[in-house]
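Residue numbers (the numbering used here): -7 to 395.
The beta carbon of each residue, even a glycine, is placed where N, CA and C say it ideally should be.
Only a predicted model underlies this, so the values are computations on that prediction, with no experimental measurement involved.
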């Protein structure tokens, strides 16, 4: 029995969720990295207009991420998860006949709303299913499942989409729809019976957000991390169209970049975390952000596939340093009974970055030149390093006073 602790702790529902997560993340990442290319080629609009779709998506995702927790508490985890999956599947199908910018904008907004529902519902269901001592292992397995999907999805998507976007959209919609049906038919609801009203829950959540932003460590972390995430969005959402339009690197070739990232996370995260956890968190955050800045410069100066691949490797090293360190730092500065909401607010920095990054890149491309977005992002990255340095100095000064 001791040789198989996972079998003792984890139910069949968990493993069904794990398998579905691999399936759904594979389907999602078959399409998402290539959306700007698809929209650009189908709409024939300037990059400023096309990248504004990502801003619409990010704003809707930001709103949904705030509301999703209350919805999961009010109507149940299973319903929120299933609606998110089936809604996103429907959006993929509706992209196929769409040819107008306004229609794309509506669909991108709806997509931004549906995607966070599944993630938040899953996290809440896992918290319901496991006692505190088992949650870390459960969430680690969930992250591994997501990264398996991220490793498989872009490769499959690149191969399929290089020939037909319609086939890729149908395949992605099918995977999400299948798991959506499995969610409704086979997963058991885990929501505790005693819940507060949606309005009370949301009001409490907003109060916690306000209180969190008054924490001088946390507010500075949010600012610095958002600047860094702007750089990250130029890799995850804008780079694919940059490579195809300017260097003839197609979807199949590009797909090796996100796959490289996912494989590095799967195989190196534990090793890197063992090194970084021995050092001060704020100094590691500063170091990690410097890798993001370097990534922007490597992309701006590169003209070949291997240069862009090297940029992804550099950025992933920064991600390996920052991802666990930031989560640990947030958990450490948050009040014990508010850690989940501090972490939830911290997670919104990606949406803030996505709302700004791709649109700014589109404007710079149309008005200045093709390499301007990445030189501009290098400046933003340098500002994030400075912001993290300021946080590190403040943290060292405050902890020295306490000691």
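Open item on the list: As a quick exercise: from 208, 199, 297, 257, pick the residue whose alpha carbon is nearest that of residue 243.
Closed with: Among 208, 199, 297, 257, the Cα nearest to that of residue 243 belongs to 297.
message: With a threshold of 6 Å on Cβ separation, who are the neighbours of residue 228 within its own chain once the five nearest residues in sequence on each side are excluded?
response: In its chain, beyond the 5 residues on either side, no residue has a beta carbon closer than 6 Å to the beta carbon of residue 228.
For residue 20 and residue 136, the rounded distance between their alpha carbons: Between the alpha carbons of residue 136 and residue 20 lies a gap of roughly 16 Å.
- request: Report the rounded CA-to-CA distance for residue 80 versus residue 182, giving the unit in angstroms.
  value: About 23 Å.
Note to self: Using the Cβ count rule (16 or more neighbours within 10 Å means buried), how would you classify residue 390?
What the structure shows: Exposed, since its Cβ has fewer than 16 Cβ neighbours within 10 Å.
Using 8 Å as the Cβ pair cut-off and three pairs as the minimum, do the region 49 to 61 and the region 352 to 368 touch? The count of Cβ pairs closer than 8 Å, one atom from the region 49 to 61 and one from the region 352 to 368, stays below three, leaving the stretches out of contact.
Point to revise | Pairwise C-alpha distance: residue 161 and residue 34 | key: Near 14 Å, if we compare the C-alpha coordinates of residue 161 and residue 34.
Pop quiz: residue 247 and residue 149 are said to be a contact at Cβ under 8 Å. What is the actual Cβ separation, rounded to whole angstroms? Between residue 247 and residue 149 the beta-carbon gap is near 6 Å, inside 8 Å, which marks them as a contact.
* Asked: At a cut of 8 Å, does the region 207 to 214 reach the region 106 to 116 through at least three beta carbon pairs?
  -> They do not touch, by the three-pair rule.
Worksheet item: Can you round the beta-carbon distance between residue 45 and residue 97 to whole angstroms, since I take them to be within the 8 Å contact cut?
Response: About 6 Å separates the beta carbons of residue 45 and residue 97, which is inside the 8 Å limit, making them a contact pair.
For this session: Tell me whether the beta-carbon of residue 252 lies closer than 8 Å to the beta-carbon of residue 301.
Result: Judged by their CB atoms, residue 252 and residue 301 are nearer to each other than the 8 Å cut-off.
| Among the residues of its own chain, which have a CB less than 6 Å from the CB of residue 144, if the five just before and after it don't count? | Taken in chain order, the residues that qualify are 18.
Nearest-angstrom Cα separation, counted from residue 295 out to residue 273:
Cα to Cα, the separation comes out at about 35 Å.
Requested in this report: Could you check the C-alpha separation between residue 381 and residue 74 for me, to the nearest Å?
Outcome: One C-alpha to the other measures close to 43 Å.
Notebook entry, point to check: Contact check, residue 225 vs residue 346 under 8 Å by CB: the rounded distance?
Noted result: About 5 Å separates the CB atoms of residue 225 and residue 346; that is less than 8 Å, so the two are in contact.
- Item | Per-residue DSSP class, three states only, for residue 346 | In this structure, residue 346 counts as helix in the three-state DSSP scheme.
**Report entry** Inter-residue Cα distance where the pair is residue 344 and residue 7
**Finding:** Between residue 344 and residue 7, the C-alpha separation is close to 33 Å.
Cβ atoms of residue 86 and residue 78: under 8 Å apart, would you say?
Result no, Cβ atoms of residue 78 and residue 86 do not sit closer than 8 Å.
### Query
Exposed or buried, residue 328, counting other C-beta atoms within 10 Å across all chains shown (16 or more means buried)?
So residue 328 counts as exposed.
message: With a threshold of 8 Å on Cβ separation, who are the neighbours of residue 214 within its own chain once the five nearest residues in sequence on each side are excluded?
response: So the list reads 205, 337, 338, 341, once near-sequence residues are dropped.
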